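Worksheet: the structure to be examined is printed underneath.
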Amino acid sequence: MAYSSKVVDHYEHPRNVGSMDKDDPRVGTGLVGAPACGDVMKLQVMVNDDGVIEDAKFKTFGCGSAIASSSLVTEWVKGRTVEEALQIRNTEIAEELSLPPVKIHCSVLAEDAIKAALRDYMTKRDGADQAAASA
Amino acid sequence: MVKLPIYMDNHATTPVDPRVLEAMLPYLRETFGNAASRNHAFGWQAEEAVEMGREQVARLIGASEKEIIFTSGATESNNLAIKGVVDFYQSKGDHVITAVTEHKAVLDPCKALERKGLRVTYLPVGQDGLVDPDDVKKAITERTILISIMAANNEIGTLNPVAEIGRIAHEHGVIFHCDAVQAVAKVPVDVEAMNIDLLSVSAHKIYGPKGVGALYVRRKNPRVRLTPILDGGGHERGMRSGTLNVPGIAGLGKAAEIGRAELESDAARILALRERLRNRLHVELDAIYLNGSLEHRLPGNLNLSFAYVEGESMLMGLKDVAVSSGSACTSASLEPSYVLRALGVGEDLAHTSIRFGLGRFNTEEEVDFVADLVIQNVKRLRAMSPLYEMAQAGIDLNSVSWVTGN
Chain W
181 MAYSSKVVDH YEHPRNVGSM DKDDPRVGTG LVGAPACGDV MKLQVMVNDD GVIEDAKFKT
241 FGCGSAIASS SLVTEWVKGR TVEEALQIRN TEIAEELSLP PVKIHCSVLA EDAIKAALRD
301 YMTKRDGADQ AAASA
Chain Y
104 MVKLPIYMDN HATTPVDPRV LEAMLPYLRE TFGNAASRNH AFGWQAEEAV EMGREQVARL
164 IGASEKEIIF TSGATESNNL AIKGVVDFYQ SKGDHVITAV TEHKAVLDPC KALERKGLRV
224 TYLPVGQDGL VDPDDVKKAI TERTILISIM AANNEIGTLN PVAEIGRIAH EHGVIFHCDA
284 VQAVAKVPVD VEAMNIDLLS VSAHKIYGPK GVGALYVRRK NPRVRLTPIL DGGGHERGMR
344 SGTLNVPGIA GLGKAAEIGR AELESDAARI LALRERLRNR LHVELDAIYL NGSLEHRLPG
404 NLNLSFAYVE GESMLMGLKD VAVSSGSACT SASLEPSYVL RALGVGEDLA HTSIRFGLGR
464 FNTEEEVDFV ADLVIQNVKR LRAMSPLYEM AQAGIDLNSV SWVTGN
């Protein structure tokens, strides 16, 4: 199958590969997919005090389209607020990367990954707020 | 400098040997006759070429030339063998034995028979990928009319104990078909010594052209009979009607002749290349696993799982190298290879498998180039694999409850 030039570019030059400390209260981590399905994405965001995503990192086990989808998402979320990042839809990812129908699931997984990371961050934040309130 | 791209997918198909092409050309040019034309020189020359091809194929497998039927390829040979025998001997029984790791060209005809009410036993294989002859023996009933077991597997290159299975088949008076497409001209195959009654051959897997193959059909001890699939002019002793593919047959014959003459030297050289590749990868990479028996294996086959690196992303990195992946991530179902699953390879590892198929025209320089590229890509992709990171941190991946969206 021929890959789009954007998929190839992200595959060859993935943006923001890496890991952040998942115990850091500013960091949200999402881990989605399963090895048996051939796709696992780990996506992390670091959110500053203003609710803006300052940094994002990913690691992906999966085909070129899965790597490209997660790489692209890390680029997109940087500089956005948590609320804005929650608006990212898989269809935008698929469109940007010109994913063929059999690879749409890669973009779905990337959307799941970013949502899972943001949810993890929000759970931590709300937990901290409650802890602060009850202190 | 090595010439790119490199072809290392010789189980899928092989390049036509220049000597084979030379043998074919006259029959595409001046000697274009129909082998069935009995009353002029064009026909006689064509017939001569066909008969020579028949002899060359027969000699490769220890048969008599009268026992070779030409077909369009292995899919047709397998269909003709399985459906032809089952139809002809339907009064004798209705049970067929095969194995789960067979090629689709055997499994799908068997499924078609099941839809017609026949019973098919699909034998499991061991972790080494081999069929156990004892399992064959136990599966035979009074209603069994055919056993179809491949000689060499197309994905993992494992070599079944064909001689033993043949002996068991004959002891029980059951016809034995062997899909030997990957085996002939690569390892010794002898229909007499192995008690094979029907054997499928394809030209393009042995450095011949695509679109031509053969079926060996035993003529005595026992005489095997078939109901043809194609009805028509009664060519090939009535078993396969249709004008003979004379240039293709000339090519198949030449490929068989070369394959027989050079089997030992080819096998030794290709095995050395394969071992060079295997050793390089094992020295430089951790967590890689060989799929299928090392001992009972085609010289040119290397099927490895590179844990934590998904197969398709590997192939993308090996863009100047033609190899194939055991995971079919191109389908919506994301199903990994049924052959690897049959060996008990977990779905996670099945997704990381790559098949290297070395052949007659591969060189040491190519092997070194491929080894370097594979090592570089595995390291790069592991550096971005969350699974490798988790495994390095001592997390048991089987203990993780994975979140799957749909």
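First to last, the sequence lines map onto chains W and Y. Under our numbering, the first residue of the first sequence is numbered 181, with each subsequent residue one higher. Under our numbering, the first residue of the second sequence is numbered 104, with each subsequent residue one higher. All C-beta atoms, glycine included, are put in the ideal place defined by N, C-alpha and C. None of these values were measured; they are calculated from a predicted model.
Query - Amino acids of chain Y, ordered along the chain, whose beta-carbon sits closer than 8 Å to that of isoleucine 233 of chain W - result: Here the question's residue 233 of chain W lines up with position 53 in the first sequence. Going along chain Y, no residue has its Cβ under 8 Å from isoleucine 233 of chain W, so there is no contact; the nearest lies around 20 Å.
Requested in this report: Round the Cβ separation of methionine 487 of chain Y and valine 197 of chain W to the nearest angstrom and send it over; I've been treating them as touching at under 8 Å.
Outcome: Along the second sequence, one-based indexing puts residue 487 of chain Y at 384. Along the first sequence, one-based indexing puts residue 197 of chain W at 17. Distance from methionine 487 of chain Y to valine 197 of chain W at the Cβ level is roughly 5 Å; contact confirmed, criterion being Cβ atoms closer than 8 Å.
Query - Exposure of glutamate 179 of chain Y, with buried meaning 16 or more beta-carbon neighbours within 10 Å - result: Here residue 179 of chain Y refers to the residue found at position 76 of the second sequence. Its Cβ being crowded by 16 or more others within 10 Å, glutamate 179 of chain Y is buried.
Query raised in the report: Taking the alpha-carbon positions, what's the leucine 476 of chain Y to leucine 484 of chain Y distance?
Result: The residue given as residue 476 of chain Y occupies position 373 in the second sequence. The residue given as residue 484 of chain Y occupies position 381 in the second sequence. Going from the Cα of leucine 476 of chain Y to the Cα of leucine 484 of chain Y covers about 12 Å.
Query raised in the report: According to the Cβ coordinates, are leucine 226 of chain Y and aspartate 238 of chain Y closer than 9 Å?
Result: Locating residue 226 of chain Y in the second sequence gives position 123, counting from the first residue. Locating residue 238 of chain Y in the second sequence gives position 135, counting from the first residue. Taking 9 Å as the Cβ cut-off, leucine 226 of chain Y and aspartate 238 of chain Y qualify as a contacting pair.
Query raised in the report: Any idea what DSSP makes of isoleucine 268 of chain W, helix, strand or coil?
Result: What you label residue 268 of chain W is simply residue 88 of the first sequence in a count that begins at 1. Three-state DSSP puts isoleucine 268 of chain W in coil, outside helix and strand.
Query raised in the report: When the Cα atoms are used, what is the spatial distance from isoleucine 247 of chain W to threonine 271 of chain W?
Result: Here residue 247 of chain W is taken as the residue at index 67 of the first sequence, counted from 1. Here residue 271 of chain W is taken as the residue at index 91 of the first sequence, counted from 1. Cα atoms of isoleucine 247 of chain W and threonine 271 of chain W: separation of roughly 16 Å, rounded to the nearest angstrom.
Query raised in the report: Rounded to a whole number of angstroms, what is the C-alpha to C-alpha distance between glycine 314 of chain Y and serine 427 of chain Y?
Result: Position 211 of the second sequence, counted from the start, is the residue given in the question as residue 314 of chain Y. Position 324 of the second sequence, counted from the start, is the residue given in the question as residue 427 of chain Y. Approximately 22 Å between the Cα atoms of the pair.
**Report entry** Opposing strand residues paired with methionine 493 of chain Y [DSSP bridges]
**Finding:** Position 390 of the second sequence holds residue 493 of chain Y. Note: methionine 493 of chain Y sits in no beta bridge, so no partner.
Query raised in the report: By Cβ distance, which residues of its chain are closer than 7 Å to isoleucine 164 of chain Y, with the 5 residues on each side in sequence left out?
Result: Sequence index remark: in the second sequence, residue 164 of chain Y carries index 61 (1-based). Answer for isoleucine 164 of chain Y: Val287, Val292, Asp293, Val294, Leu302 and Tyr319, listed in chain order.
**Report entry** Cβ of aspartate 201 of chain W within 9 Å of any chain Y Cβ
**Finding:** Against the first sequence, residue 201 of chain W aligns to sequence position 21. So, not an interface residue.
Report task. With a 10 Å radius around its C-beta and 16 neighbouring C-beta atoms as the bar for buried, classify phenylalanine 279 of chain Y as buried or exposed. Result -> Numbered from its first residue, the second sequence carries residue 279 of chain Y at position 176. Result: buried.
Requested in this report: For leucine 384 of chain Y, I'd like the list of residues in its chain whose CB is within less than 8 Å of its CB, leaving aside the five on either flank, ordered along the chain.
Outcome: Here residue 384 of chain Y corresponds to residue number 281 of the second sequence, with the count starting at 1. So the list reads Ile391, Leu407, Ala474, Val477 and Ile478, once near-sequence residues are dropped.
Query raised in the report: Among W:Val288, W:Tyr191 and W:Asp189, which residue has its Cα nearest to the Cα of valine 212 of chain W?
Result: For the purposes of this step, residue 212 of chain W is taken as the residue at position 32 of the first sequence. If we check each option's Cα against that of valine 212 of chain W, W:Val288 comes out closest.
Query - Spatially closest choice to glycine 447 of chain Y from Y:Glu339, Y:Glu365 and Y:Val203, by CA coordinates - result: Within the second sequence, residue 447 of chain Y is the residue found at index 344, counting from 1. Out of Y:Glu339, Y:Glu365 and Y:Val203, Y:Val203 has the C-alpha closest to the C-alpha of glycine 447 of chain Y.
Requested in this report: Classify methionine 419 of chain Y as helix, strand or coil using the three-state DSSP reduction.
Outcome: Residue 419 of chain Y sits at position 316 when you count from the first residue of the second sequence. It is helical.
**Report entry** serine 180 of chain Y, enclosing alpha helix (DSSP H) - first and last residue
**Finding:** Looking up residue 180 of chain Y in the second sequence gives position 77. Unbroken alpha helix (DSSP H) run through serine 180 of chain Y: 177 to 191.
Report task. Select from the region 241 to 256 of chain W all residues with a C-beta closer than 8 Å to any C-beta belonging to chain Y, and list them in chain order. Result -> Phe241, Gly242, Cys243, Gly244, Ala246 and Ile247
Query raised in the report: With 9 Å set as the bound, which would you pick, yes or no: does the beta-carbon of serine 408 of chain Y sit closer than that to a beta-carbon of chain W?
Result: Walking along the second sequence from the start, residue 408 of chain Y turns up at place 305. No, no contact with chain W.
Query raised in the report: What residues of chain Y sit near lysine 222 of chain W, judged by a beta carbon separation below 7 Å?
Result: What you label residue 222 of chain W is simply residue 42 of the first sequence in a count that begins at 1. Result: Pro489.
Query raised in the report: Using the rule of at least 16 other Cβ atoms within 10 Å of the residue's Cβ for burial, across every protein chain shown, is valine 470 of chain Y buried or exposed?
Result: Within the second sequence, numbered from 1, the residue matching residue 470 of chain Y stands at position 367. Result: buried.
Requested in this report: Could you tell me the distance, in whole angstroms, from the CA atom of lysine 289 of chain Y to the CA atom of aspartate 369 of chain Y?
Outcome: Taking the first residue of the second sequence as position 1, residue 289 of chain Y is located at position 186. Taking the first residue of the second sequence as position 1, residue 369 of chain Y is located at position 266. Whole-angstrom Cα-Cα distance: 8 Å.
**Report entry** Rounded Cβ spacing between threonine 346 of chain Y and glycine 187 of chain Y (contact assumed at less than 8 Å)
**Finding:** One-based indexing of the second sequence puts residue 346 of chain Y at position 243. One-based indexing of the second sequence puts residue 187 of chain Y at position 84. Incorrect: roughly 20 Å between the Cβ atoms, too far for contact.
Query - Check whether glycine 351 of chain Y and alanine 115 of chain Y have beta carbons under 9 Å apart - result: On the second sequence, position 248 is the one that residue 351 of chain Y refers to. On the second sequence, position 12 is the one that residue 115 of chain Y refers to. In this structure, alanine 115 of chain Y does not lie closer than 9 Å to glycine 351 of chain Y by Cβ.
Report task. Pick helix, strand or coil for cysteine 281 of chain Y, following the three-state DSSP scheme. Result -> On the second sequence, position 178 is the one that residue 281 of chain Y refers to. Three-state DSSP puts cysteine 281 of chain Y in a strand.
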